[in-house]
Amino acid sequence: MSLPASPFDWAPKTVTSLIDGAYVAERGGHRLPAYYPGDGEVISELQEADAEEVDRAVRSARRAFNDPAWREMSVEARQAILYRIADAIDAHALELATLETLNAGIVLRDVLSRQVVRAGYNFRFFAEAISQQPGQVWQQIKDHLTFVTRHPVGVAALIAPWNSPLALASMKVASAIAFGNTCVLKPSEQTPLSLARLVEIINTITPPGVVNLVNGRGAVTGAALVDHPEVDLIAFTGGTETGRHIMQAAGRRLKPAAMELGGKSANIIFADADQERALDGALISIFSNNGQQCLAGSRILVQDSIFDEFVDRFVERARKIRVGDPLDDATEIGPIASARHRQHILSYVDIAKSQGATLLTGGKALDRPGYFIEPTAVLAPSNSDRVCQEEIFGPFAAFVKFSDMEDAVRMANESQFGLVGYCWTQNIDKALRVSQAVRTGLMWVNTPMVRELRAPFGGVKDSGLGRDGAAASMAFFTEEKTTTIPLADVPLRKFGV
(Lines of atoms letter the chains of each structure in order from A and count residues from 1; the text may use other names and numbers.)
(Lines give C-alpha, C1' and ligand atoms only; values in the text may rest on other atoms or scores of the structure.)
Protein backbone atom coordinates (compact mmCIF):
# COMPACT_ATOMS: atom_id res chain seq x y z
CA MET A 1 0.00 0.00 0.00
CA SER A 2 1.46 3.35 -1.05
CA LEU A 3 1.63 6.08 1.57
CA PRO A 4 0.05 9.50 0.95
CA ALA A 5 2.09 12.68 1.01
CA SER A 6 0.20 13.71 4.15
CA PRO A 7 -1.84 11.66 6.64
CA PHE A 8 -4.76 13.97 5.92
CA ASP A 9 -4.83 12.76 2.31
CA TRP A 10 -6.37 9.52 3.58
CA ALA A 11 -9.46 11.41 4.77
CA PRO A 12 -12.20 11.44 2.12
CA LYS A 13 -13.78 14.75 1.22
CA THR A 14 -17.26 13.30 1.74
CA VAL A 15 -18.51 10.21 3.56
CA THR A 16 -21.76 8.66 2.38
CA SER A 17 -23.61 5.49 3.32
CA LEU A 18 -22.37 2.17 1.97
CA ILE A 19 -25.31 -0.01 0.94
CA ASP A 20 -25.42 -3.28 -0.96
CA GLY A 21 -21.67 -3.28 -1.47
CA ALA A 22 -21.16 0.28 -2.74
CA TYR A 23 -21.12 3.86 -1.50
CA VAL A 24 -24.32 5.73 -2.34
CA ALA A 25 -24.03 8.74 -4.62
CA GLU A 26 -23.73 12.18 -3.08
CA ARG A 27 -26.99 14.11 -2.99
CA GLY A 28 -28.66 17.00 -1.28
CA GLY A 29 -29.75 16.81 2.31
CA HIS A 30 -28.22 17.41 5.71
CA ARG A 31 -24.43 17.55 5.93
CA LEU A 32 -22.28 17.27 9.05
CA PRO A 33 -18.65 18.35 9.41
CA ALA A 34 -15.99 15.91 10.61
CA TYR A 35 -13.25 17.64 12.60
CA TYR A 36 -9.63 16.88 13.40
CA PRO A 37 -9.48 17.31 17.19
CA GLY A 38 -5.79 18.19 16.96
CA ASP A 39 -6.53 21.63 15.50
CA GLY A 40 -10.32 21.92 15.29
CA GLU A 41 -10.33 22.13 11.50
CA VAL A 42 -12.87 20.39 9.25
CA ILE A 43 -11.24 17.47 7.42
CA SER A 44 -14.28 15.78 5.87
CA GLU A 45 -18.03 16.08 5.46
CA LEU A 46 -20.68 13.55 6.36
CA GLN A 47 -23.83 13.06 4.32
CA GLU A 48 -26.58 12.14 6.75
CA ALA A 49 -28.72 9.12 5.94
CA ASP A 50 -32.43 9.89 6.20
CA ALA A 51 -35.19 7.35 6.85
CA GLU A 52 -35.40 6.40 3.17
CA GLU A 53 -31.69 5.67 3.00
CA VAL A 54 -31.82 3.66 6.22
CA ASP A 55 -34.69 1.67 4.72
CA ARG A 56 -32.53 0.86 1.68
CA ALA A 57 -29.73 -0.34 3.93
CA VAL A 58 -31.99 -2.53 6.05
CA ARG A 59 -33.66 -4.04 2.99
CA SER A 60 -30.25 -4.78 1.50
CA ALA A 61 -29.31 -6.58 4.70
CA ARG A 62 -32.62 -8.49 4.61
CA ARG A 63 -32.04 -9.65 1.02
CA ALA A 64 -28.55 -10.83 1.92
CA PHE A 65 -29.88 -12.68 4.96
CA ASN A 66 -32.64 -14.37 2.97
CA ASP A 67 -30.13 -15.56 0.37
CA PRO A 68 -29.27 -19.20 1.17
CA ALA A 69 -25.75 -18.54 -0.10
CA TRP A 70 -25.14 -16.53 3.09
CA ARG A 71 -27.65 -17.86 5.60
CA GLU A 72 -26.77 -21.51 4.92
CA MET A 73 -23.06 -20.97 4.33
CA SER A 74 -20.88 -23.60 5.98
CA VAL A 75 -18.93 -22.77 9.11
CA GLU A 76 -15.71 -23.35 7.19
CA ALA A 77 -16.68 -20.85 4.49
CA ARG A 78 -17.64 -18.21 7.05
CA GLN A 79 -14.39 -18.83 8.90
CA ALA A 80 -12.47 -18.18 5.70
CA ILE A 81 -14.29 -14.86 5.23
CA LEU A 82 -13.54 -13.77 8.80
CA TYR A 83 -9.86 -14.64 8.44
CA ARG A 84 -9.66 -12.72 5.17
CA ILE A 85 -11.20 -9.66 6.83
CA ALA A 86 -8.66 -9.88 9.66
CA ASP A 87 -5.79 -10.12 7.17
CA ALA A 88 -7.17 -7.13 5.25
CA ILE A 89 -7.32 -5.09 8.46
CA ASP A 90 -3.67 -5.93 9.09
CA ALA A 91 -2.77 -4.91 5.54
CA HIS A 92 -4.50 -1.54 5.96
CA ALA A 93 -3.48 -1.01 9.59
CA LEU A 94 -1.70 2.31 9.14
CA GLU A 95 -4.50 3.77 7.02
CA LEU A 96 -7.23 2.68 9.44
CA ALA A 97 -5.25 3.87 12.46
CA THR A 98 -4.53 7.24 10.87
CA LEU A 99 -8.19 7.81 10.04
CA GLU A 100 -9.12 6.96 13.64
CA THR A 101 -6.51 9.39 14.96
CA LEU A 102 -7.56 12.17 12.59
CA ASN A 103 -11.22 11.82 13.54
CA ALA A 104 -11.15 10.75 17.22
CA GLY A 105 -7.87 12.29 18.42
CA ILE A 106 -6.52 9.03 19.87
CA VAL A 107 -2.73 8.84 19.81
CA LEU A 108 -1.70 7.08 16.57
CA ARG A 109 0.85 4.89 18.33
CA ASP A 110 -1.89 3.57 20.62
CA VAL A 111 -4.37 2.99 17.80
CA LEU A 112 -1.77 0.97 15.90
CA SER A 113 -0.74 -1.11 18.90
CA ARG A 114 -4.18 -1.55 20.48
CA GLN A 115 -7.31 -0.66 18.51
CA VAL A 116 -6.27 -1.94 15.08
CA VAL A 117 -4.72 -5.06 16.57
CA ARG A 118 -7.92 -5.65 18.52
CA ALA A 119 -10.04 -5.14 15.39
CA GLY A 120 -8.19 -7.85 13.50
CA TYR A 121 -8.21 -10.11 16.54
CA ASN A 122 -11.98 -9.77 16.90
CA PHE A 123 -12.52 -11.35 13.49
CA ARG A 124 -9.94 -14.08 14.09
CA PHE A 125 -11.41 -14.85 17.49
CA PHE A 126 -14.94 -15.33 16.19
CA ALA A 127 -13.65 -17.39 13.28
CA GLU A 128 -12.39 -19.82 15.91
CA ALA A 129 -15.42 -19.45 18.17
CA ILE A 130 -17.94 -20.56 15.56
CA SER A 131 -16.02 -23.80 15.03
CA GLN A 132 -16.50 -24.69 18.70
CA GLN A 133 -20.24 -24.25 19.20
CA PRO A 134 -21.49 -26.86 21.66
CA GLY A 135 -24.54 -28.98 20.92
CA GLN A 136 -27.25 -30.28 23.23
CA VAL A 137 -28.91 -33.69 22.91
CA TRP A 138 -31.33 -35.47 25.28
CA GLN A 139 -32.65 -39.03 25.24
CA GLN A 140 -34.30 -39.05 28.65
CA ILE A 141 -37.77 -39.55 27.14
CA LYS A 142 -38.08 -43.18 26.11
CA ASP A 143 -37.70 -43.81 22.37
CA HIS A 144 -37.27 -40.11 21.57
CA LEU A 145 -34.31 -37.95 20.64
CA THR A 146 -34.39 -34.22 21.42
CA PHE A 147 -31.68 -31.88 20.20
CA VAL A 148 -31.07 -28.14 20.00
CA THR A 149 -29.75 -26.25 16.99
CA ARG A 150 -28.82 -22.59 16.72
CA HIS A 151 -29.75 -20.28 13.88
CA PRO A 152 -28.90 -16.65 13.03
CA VAL A 153 -31.48 -14.12 14.18
CA GLY A 154 -31.56 -11.92 11.08
CA VAL A 155 -30.72 -8.26 10.49
CA ALA A 156 -28.74 -6.62 13.29
CA ALA A 157 -28.60 -2.88 13.92
CA LEU A 158 -25.13 -2.12 15.29
CA ILE A 159 -24.51 1.31 16.80
CA ALA A 160 -20.92 2.24 17.65
CA PRO A 161 -19.57 5.03 19.88
CA TRP A 162 -17.07 7.78 19.09
CA ASN A 163 -14.41 7.04 21.69
CA SER A 164 -12.91 3.86 20.18
CA PRO A 165 -14.71 3.18 16.90
CA LEU A 166 -12.51 0.48 15.36
CA ALA A 167 -12.16 -1.79 18.38
CA LEU A 168 -15.79 -1.57 19.50
CA ALA A 169 -17.53 -1.64 16.12
CA SER A 170 -15.40 -4.52 14.86
CA MET A 171 -16.47 -6.58 17.88
CA LYS A 172 -20.11 -6.09 16.93
CA VAL A 173 -19.66 -6.73 13.22
CA ALA A 174 -17.44 -9.78 13.73
CA SER A 175 -19.80 -11.46 16.18
CA ALA A 176 -22.92 -10.63 14.14
CA ILE A 177 -21.71 -12.02 10.82
CA ALA A 178 -19.79 -14.92 12.37
CA PHE A 179 -23.08 -16.45 13.45
CA GLY A 180 -24.72 -15.86 10.06
CA ASN A 181 -26.54 -12.57 10.57
CA THR A 182 -26.35 -9.53 8.33
CA CYS A 183 -26.05 -6.02 9.69
CA VAL A 184 -26.37 -2.27 9.33
CA LEU A 185 -23.67 -0.37 11.20
CA LYS A 186 -24.16 3.22 12.34
CA PRO A 187 -21.02 4.96 13.59
CA SER A 188 -21.15 8.09 15.69
CA GLU A 189 -21.61 11.14 13.50
CA GLN A 190 -18.48 12.56 15.17
CA THR A 191 -16.18 9.75 14.04
CA PRO A 192 -17.27 8.19 10.73
CA LEU A 193 -13.93 8.01 8.91
CA SER A 194 -12.24 4.83 10.14
CA LEU A 195 -15.44 2.80 10.12
CA ALA A 196 -16.38 3.92 6.62
CA ARG A 197 -13.05 2.59 5.39
CA LEU A 198 -13.38 -0.59 7.47
CA VAL A 199 -16.80 -1.38 6.01
CA GLU A 200 -15.49 -0.64 2.53
CA ILE A 201 -12.68 -3.16 3.09
CA ILE A 202 -15.11 -5.74 4.49
CA ASN A 203 -17.32 -5.37 1.42
CA THR A 204 -14.48 -6.45 -0.85
CA ILE A 205 -14.73 -9.83 0.91
CA THR A 206 -18.36 -10.39 1.96
CA PRO A 207 -21.36 -10.72 -0.37
CA PRO A 208 -23.22 -7.43 -1.02
CA GLY A 209 -25.62 -6.48 1.74
CA VAL A 210 -24.03 -8.53 4.51
CA VAL A 211 -22.44 -5.43 6.09
CA ASN A 212 -24.00 -2.03 5.37
CA LEU A 213 -23.14 1.42 6.73
CA VAL A 214 -25.36 4.42 7.42
CA ASN A 215 -24.14 7.73 8.84
CA GLY A 216 -25.88 10.45 10.77
CA ARG A 217 -27.16 11.74 14.06
CA GLY A 218 -28.80 9.45 16.55
CA ALA A 219 -32.08 11.37 16.51
CA VAL A 220 -32.34 10.99 12.72
CA THR A 221 -30.39 8.03 11.35
CA GLY A 222 -30.20 6.09 14.59
CA ALA A 223 -33.89 6.47 15.35
CA ALA A 224 -34.87 5.31 11.86
CA LEU A 225 -32.60 2.29 12.21
CA VAL A 226 -33.67 1.01 15.63
CA ASP A 227 -37.38 1.51 14.83
CA HIS A 228 -37.25 -0.20 11.43
CA PRO A 229 -39.63 -3.19 11.36
CA GLU A 230 -37.12 -5.32 9.42
CA VAL A 231 -34.40 -4.94 12.06
CA ASP A 232 -34.43 -8.06 14.25
CA LEU A 233 -32.01 -7.12 17.04
CA ILE A 234 -29.97 -4.16 18.27
CA ALA A 235 -26.49 -3.89 19.77
CA PHE A 236 -25.53 -0.47 21.12
CA THR A 237 -22.51 1.00 22.86
CA GLY A 238 -22.82 4.55 24.18
CA GLY A 239 -24.36 6.75 26.83
CA THR A 240 -26.90 5.52 29.35
CA GLU A 241 -29.66 7.99 28.45
CA THR A 242 -29.40 7.14 24.75
CA GLY A 243 -29.51 3.49 25.72
CA ARG A 244 -32.79 4.06 27.56
CA HIS A 245 -34.37 5.56 24.43
CA ILE A 246 -33.16 2.67 22.29
CA MET A 247 -34.53 0.14 24.79
CA GLN A 248 -37.92 1.85 24.62
CA ALA A 249 -37.92 1.59 20.82
CA ALA A 250 -36.80 -2.03 20.98
CA GLY A 251 -39.49 -2.84 23.53
CA ARG A 252 -42.25 -1.50 21.29
CA ARG A 253 -41.31 -4.06 18.65
CA LEU A 254 -40.09 -6.80 21.03
CA LYS A 255 -36.57 -6.74 19.61
CA PRO A 256 -33.67 -8.18 21.62
CA ALA A 257 -31.23 -5.42 22.55
CA ALA A 258 -27.75 -5.52 24.08
CA MET A 259 -26.64 -2.31 25.78
CA GLU A 260 -23.07 -1.46 26.80
CA LEU A 261 -23.51 1.87 28.56
CA GLY A 262 -21.75 4.25 30.93
CA GLY A 263 -19.49 3.70 33.88
CA LYS A 264 -18.01 5.37 36.94
CA SER A 265 -15.69 2.60 37.97
CA ALA A 266 -14.11 2.38 41.40
CA ASN A 267 -10.36 1.74 41.53
CA ILE A 268 -9.73 0.41 45.06
CA ILE A 269 -6.14 0.62 46.29
CA PHE A 270 -5.37 -1.05 49.61
CA ALA A 271 -2.37 -0.32 51.82
CA ASP A 272 -1.00 -3.83 51.21
CA ALA A 273 -0.96 -3.41 47.42
CA ASP A 274 2.19 -3.33 45.34
CA GLN A 275 2.29 0.47 45.36
CA GLU A 276 4.32 0.93 42.18
CA ARG A 277 2.12 -1.43 40.20
CA ALA A 278 -1.04 0.13 41.63
CA LEU A 279 0.21 3.60 40.68
CA ASP A 280 0.95 2.51 37.12
CA GLY A 281 -2.46 0.85 36.92
CA ALA A 282 -4.28 3.91 38.25
CA LEU A 283 -2.65 6.16 35.66
CA ILE A 284 -3.35 3.71 32.85
CA SER A 285 -6.97 3.19 33.82
CA ILE A 286 -7.86 6.89 33.82
CA PHE A 287 -5.57 8.47 31.23
CA SER A 288 -5.29 5.91 28.41
CA ASN A 289 -7.40 6.56 25.31
CA ASN A 290 -7.32 10.24 26.31
CA GLY A 291 -9.44 9.31 29.34
CA GLN A 292 -12.45 8.67 27.11
CA GLN A 293 -13.47 5.11 27.92
CA CYS A 294 -16.45 3.63 29.70
CA LEU A 295 -14.24 1.31 31.77
CA ALA A 296 -11.98 4.06 33.12
CA GLY A 297 -11.04 3.81 36.78
CA SER A 298 -12.23 7.36 37.42
CA ARG A 299 -13.08 6.98 41.14
CA ILE A 300 -9.78 6.22 42.84
CA LEU A 301 -10.45 4.95 46.37
CA VAL A 302 -7.23 4.86 48.41
CA GLN A 303 -6.81 3.49 51.94
CA ASP A 304 -6.21 6.21 54.51
CA SER A 305 -2.79 4.98 55.72
CA ILE A 306 -1.21 5.42 52.27
CA PHE A 307 -3.53 8.11 50.90
CA ASP A 308 -1.30 11.19 51.01
CA GLU A 309 1.80 9.50 49.64
CA PHE A 310 -0.10 7.73 46.86
CA VAL A 311 -1.93 10.87 45.76
CA ASP A 312 1.30 12.89 45.77
CA ARG A 313 3.01 10.33 43.55
CA PHE A 314 0.00 10.18 41.21
CA VAL A 315 -0.05 13.96 40.82
CA GLU A 316 3.69 14.08 40.22
CA ARG A 317 3.38 11.54 37.41
CA ALA A 318 0.24 13.13 35.95
CA ARG A 319 2.02 16.47 35.59
CA LYS A 320 4.72 14.80 33.48
CA ILE A 321 2.31 13.23 30.99
CA ARG A 322 3.03 14.47 27.48
CA VAL A 323 -0.12 16.00 25.99
CA GLY A 324 0.07 16.96 22.35
CA ASP A 325 -0.11 16.04 18.67
CA PRO A 326 -1.70 12.57 18.42
CA LEU A 327 0.36 11.86 15.28
CA ASP A 328 3.59 12.27 17.29
CA ASP A 329 5.01 9.05 18.77
CA ALA A 330 6.19 10.95 21.85
CA THR A 331 2.64 11.98 22.79
CA GLU A 332 0.90 10.12 25.62
CA ILE A 333 -2.47 11.91 25.62
CA GLY A 334 -4.02 13.52 22.57
CA PRO A 335 -6.95 15.92 22.25
CA ILE A 336 -10.49 15.37 23.44
CA ALA A 337 -12.72 14.15 20.62
CA SER A 338 -14.80 17.33 20.26
CA ALA A 339 -14.99 20.92 21.46
CA ARG A 340 -18.36 20.24 23.06
CA HIS A 341 -17.05 17.29 25.04
CA ARG A 342 -13.98 19.22 26.15
CA GLN A 343 -16.27 21.85 27.62
CA HIS A 344 -18.30 19.13 29.33
CA ILE A 345 -15.17 17.77 31.02
CA LEU A 346 -13.89 21.18 32.08
CA SER A 347 -17.29 22.10 33.55
CA TYR A 348 -16.67 19.51 36.26
CA VAL A 349 -13.73 21.50 37.60
CA ASP A 350 -16.15 24.22 38.74
CA ILE A 351 -18.67 21.61 39.87
CA ALA A 352 -16.02 19.93 42.01
CA LYS A 353 -14.88 23.20 43.56
CA SER A 354 -18.47 24.19 44.32
CA GLN A 355 -18.83 21.02 46.40
CA GLY A 356 -15.61 21.60 48.32
CA ALA A 357 -13.19 19.50 46.27
CA THR A 358 -9.51 20.40 46.00
CA LEU A 359 -8.01 20.67 42.53
CA LEU A 360 -4.79 18.64 42.69
CA THR A 361 -3.56 19.16 39.14
CA GLY A 362 -4.76 20.19 35.70
CA GLY A 363 -8.23 21.57 35.19
CA LYS A 364 -7.49 23.84 32.22
CA ALA A 365 -7.52 23.75 28.45
CA LEU A 366 -4.14 23.95 26.75
CA ASP A 367 -3.36 27.27 25.06
CA ARG A 368 -3.08 25.88 21.54
CA PRO A 369 -5.39 25.01 18.64
CA GLY A 370 -7.41 21.85 19.12
CA TYR A 371 -9.36 20.31 21.96
CA PHE A 372 -6.60 19.65 24.49
CA ILE A 373 -6.92 19.68 28.26
CA GLU A 374 -4.49 19.01 31.07
CA PRO A 375 -4.65 15.65 32.88
CA THR A 376 -6.83 16.50 35.85
CA ALA A 377 -7.28 15.15 39.37
CA VAL A 378 -9.34 16.35 42.32
CA LEU A 379 -9.61 15.39 45.98
CA ALA A 380 -13.31 14.88 46.70
CA PRO A 381 -14.66 15.39 50.23
CA SER A 382 -17.28 12.67 49.75
CA ASN A 383 -18.04 9.74 47.48
CA SER A 384 -21.49 11.29 47.01
CA ASP A 385 -20.06 14.35 45.24
CA ARG A 386 -21.02 14.75 41.60
CA VAL A 387 -17.47 14.16 40.36
CA CYS A 388 -17.67 10.74 42.02
CA GLN A 389 -21.16 9.87 40.81
CA GLU A 390 -21.47 11.26 37.28
CA GLU A 391 -19.64 10.00 34.21
CA ILE A 392 -17.23 12.73 33.11
CA PHE A 393 -15.62 10.58 30.39
CA GLY A 394 -12.25 12.25 30.17
CA PRO A 395 -8.79 12.47 31.76
CA PHE A 396 -10.31 13.46 35.09
CA ALA A 397 -9.68 11.47 38.28
CA ALA A 398 -11.47 11.90 41.60
CA PHE A 399 -9.71 10.68 44.78
CA VAL A 400 -11.60 9.52 47.86
CA LYS A 401 -10.21 8.13 51.11
CA PHE A 402 -11.46 4.91 52.75
CA SER A 403 -10.67 3.22 56.07
CA ASP A 404 -11.12 -0.54 55.64
CA MET A 405 -12.43 -3.19 53.25
CA GLU A 406 -16.07 -2.75 54.24
CA ASP A 407 -15.79 1.00 53.74
CA ALA A 408 -14.22 0.54 50.30
CA VAL A 409 -16.87 -1.93 49.14
CA ARG A 410 -19.66 0.32 50.41
CA MET A 411 -18.31 3.32 48.48
CA ALA A 412 -17.66 1.27 45.35
CA ASN A 413 -21.28 0.13 45.36
CA GLU A 414 -22.68 3.62 46.02
CA SER A 415 -23.08 4.28 42.31
CA GLN A 416 -25.78 3.99 39.68
CA PHE A 417 -23.19 2.34 37.44
CA GLY A 418 -21.64 -1.11 37.53
CA LEU A 419 -19.51 -1.81 34.47
CA VAL A 420 -16.06 -2.70 35.82
CA GLY A 421 -14.06 -2.35 39.01
CA TYR A 422 -10.40 -2.48 40.03
CA CYS A 423 -8.83 -3.87 43.20
CA TRP A 424 -5.17 -3.69 44.24
CA THR A 425 -4.03 -5.88 47.13
CA GLN A 426 -1.51 -8.66 47.79
CA ASN A 427 -3.93 -10.43 50.14
CA ILE A 428 -5.69 -13.16 48.14
CA ASP A 429 -8.55 -13.49 50.63
CA LYS A 430 -9.22 -9.77 50.45
CA ALA A 431 -9.00 -9.81 46.65
CA LEU A 432 -11.56 -12.59 46.38
CA ARG A 433 -13.94 -11.03 48.88
CA VAL A 434 -13.82 -7.59 47.27
CA SER A 435 -14.14 -8.93 43.72
CA GLN A 436 -17.36 -10.73 44.66
CA ALA A 437 -18.80 -7.97 46.86
CA VAL A 438 -18.50 -5.08 44.38
CA ARG A 439 -21.51 -4.99 42.05
CA THR A 440 -19.98 -4.87 38.58
CA GLY A 441 -19.98 -7.00 35.48
CA LEU A 442 -16.21 -7.39 35.61
CA MET A 443 -13.44 -6.96 38.19
CA TRP A 444 -9.74 -6.54 37.51
CA VAL A 445 -7.47 -7.52 40.40
CA ASN A 446 -3.88 -6.22 40.33
CA THR A 447 -4.10 -5.53 36.60
CA PRO A 448 -5.83 -2.96 34.42
CA MET A 449 -7.95 -3.58 31.33
CA VAL A 450 -7.18 -7.16 30.34
CA ARG A 451 -9.91 -8.25 27.92
CA GLU A 452 -10.46 -12.00 27.62
CA LEU A 453 -12.90 -12.46 24.74
CA ARG A 454 -13.86 -15.95 25.89
CA ALA A 455 -15.33 -14.44 29.06
CA PRO A 456 -18.52 -12.34 29.18
CA PHE A 457 -18.14 -8.55 29.23
CA GLY A 458 -20.92 -6.16 30.20
CA GLY A 459 -22.37 -4.14 33.03
CA VAL A 460 -25.02 -4.20 35.73
CA LYS A 461 -27.30 -1.42 36.95
CA ASP A 462 -27.17 1.62 34.62
CA SER A 463 -24.09 0.28 32.84
CA GLY A 464 -26.05 -1.93 30.53
CA LEU A 465 -27.86 -5.13 29.66
CA GLY A 466 -26.40 -8.22 28.04
CA ARG A 467 -22.85 -9.36 27.47
CA ASP A 468 -20.19 -9.66 24.77
CA GLY A 469 -17.90 -12.67 24.58
CA ALA A 470 -17.80 -16.09 22.95
CA ALA A 471 -20.80 -17.79 24.56
CA ALA A 472 -22.62 -14.53 25.33
CA SER A 473 -22.36 -13.31 21.74
CA MET A 474 -23.53 -16.67 20.45
CA ALA A 475 -26.56 -16.49 22.76
CA PHE A 476 -27.43 -12.98 21.53
CA PHE A 477 -26.80 -13.39 17.80
CA THR A 478 -28.46 -16.80 17.45
CA GLU A 479 -31.83 -18.32 18.27
CA GLU A 480 -32.29 -21.80 19.70
CA LYS A 481 -34.56 -24.35 18.05
CA THR A 482 -35.57 -27.56 19.83
CA THR A 483 -36.37 -30.60 17.68
CA THR A 484 -37.79 -33.91 18.93
CA ILE A 485 -37.84 -37.09 16.79
CA PRO A 486 -39.13 -40.57 17.73
CA LEU A 487 -36.56 -43.36 17.51
CA ALA A 488 -39.17 -46.10 17.28
CA ASP A 489 -42.73 -46.63 16.09
CA VAL A 490 -44.23 -45.00 19.15
CA PRO A 491 -48.00 -45.62 19.32
CA LEU A 492 -50.17 -42.50 19.26
CA ARG A 493 -53.59 -41.94 20.77
CA LYS A 494 -56.29 -42.15 18.11
CA PHE A 495 -59.00 -39.49 18.23
CA GLY A 496 -62.36 -40.11 16.55
CA VAL A 497 -62.18 -43.86 16.07
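Note that the sequence shown covers residues 3 to 499 in my numbering. The beta carbon of each residue, even a glycine, is placed where N, CA and C say it ideally should be. Keep in mind the model is a prediction, meaning the values are calculated, not measured.
Cβ neighbours of residue i in the same chain (closer than 7 Å, five flanking residues each side left out)
| i | result |
| --- | --- |
| residue 371 | 41, 42 |
| residue 447 | 425, 433, 437 |
| residue 28 | 16, 18, 49 |
| residue 460 | 262, 443, 466, 468, 469, 470 |
| residue 502 | No statement about residue 502 is possible, as the shown extent of the chain runs from 3 to 499 and does not include it. |
| residue 326 | 333 |
| residue 192 | 164, 339, 340 |
Between the CA atoms of residue j and residue i - distance to the nearest angstrom
| i | j | result |
| --- | --- | --- |
| residue 421 | residue 296 | 8 Å |
| residue 431 | residue 413 | 20 Å |
| residue 379 | residue 398 | 6 Å |
| residue 103 | residue 212 | 27 Å |
| residue 353 | residue 291 | 24 Å |
| residue 406 | residue 25 | 58 Å |
| residue 38 | residue 385 | 36 Å |
| residue 321 | residue 364 | 8 Å |
| residue 83 | residue 452 | 27 Å |
| residue 5 | residue 11 | 9 Å |
| residue 381 | residue 9 | 40 Å |
| residue 184 | residue 68 | 10 Å |
CB-CB length for residue i against residue j, believed under 8 Å
| i | j | result |
| --- | --- | --- |
| residue 124 | residue 173 | 5 Å |
| residue 500 | residue 267 | No answer is possible for residue 500: the residues shown for the chain start at 3 and end at 499. |
| residue 500 | residue 109 | The requested residue 500 does not occur in the structure, where the chain is confined to residues 3 to 499. |
| residue 218 | residue 51 | 5 Å |
| residue 133 | residue 81 | 6 Å |
| residue 328 | residue 107 | 6 Å |
| residue 312 | residue 281 | 7 Å |
Contact check, residue i vs residue j, beta carbons under 8 Å
| i | j | result |
| --- | --- | --- |
| residue 302 | residue 401 | yes |
| residue 66 | residue 19 | no |
| residue 262 | residue 242 | no |
| residue 195 | residue 437 | no |
| residue 374 | residue 323 | no |
| residue 168 | residue 121 | yes |
| residue 171 | residue 189 | yes |
| residue 186 | residue 214 | yes |
| residue 55 | residue 216 | yes |
| residue 228 | residue 248 | yes |
| residue 93 | residue 118 | no |
| residue 411 | residue 457 | no |
| residue 428 | residue 464 | no |
| residue 394 | residue 350 | yes |
| residue 88 | residue 209 | no |
| residue 377 | residue 359 | no |
| residue 207 | residue 86 | yes |
| residue 361 | residue 355 | yes |
Candidates the options, of which the one nearest residue i by Cα
| i | options | result |
| --- | --- | --- |
| residue 492 | 87, 147, 83, 53 | 147 |
| residue 7 | 268, 97, 31 | 97 |
| residue 198 | 442, 21, 10, 482 | 21 |
| residue 144 | 499, 496, 495, 486 | 486 |
| residue 265 | 100, 416, 71 | 416 |
| residue 236 | 360, 192, 488, 255 | 255 |
| residue 245 | 231, 220, 230, 269 | 220 |
| residue 135 | 479, 292, 328, 377 | 479 |
| residue 179 | 364, 73, 376 | 73 |
| residue 366 | 358, 357, 347 | 347 |
| residue 61 | 85, 23, 80 | 23 |
| residue 455 | 277, 329, 130, 381 | 130 |
| residue 95 | 116, 107, 75, 408 | 116 |
| residue 391 | 369, 141, 489, 357 | 357 |
The ligand SAH heavy atom lying under 7 Å from the CB of residue i
| i | result |
| --- | --- |
| residue 91 | The ligand SAH is absent from the structure shown, which contains no ligands of any kind. |
Own chain, CB closer than 6 Å to residue i, minus 5 neighbours either side, in chain order
| i | result |
| --- | --- |
| residue 150 | 138, 482, 484 |
| residue 226 | 53, 56 |
| residue 251 | 228, 229 |
| residue 142 | none |
Beta-carbon proximity list for residue i, same chain, < 8 Å, skipping 5 on both sides
| i | result |
| --- | --- |
| residue 404 | 270, 303, 304, 305, 306, 410, 413 |
| residue 114 | 95, 96, 99 |
Contact with chain B by residue i, beta-carbon distance below 8 Å
| i | result |
| --- | --- |
| residue 377 | In summary, chain B is missing from the structure at hand, where a single protein chain is found. |
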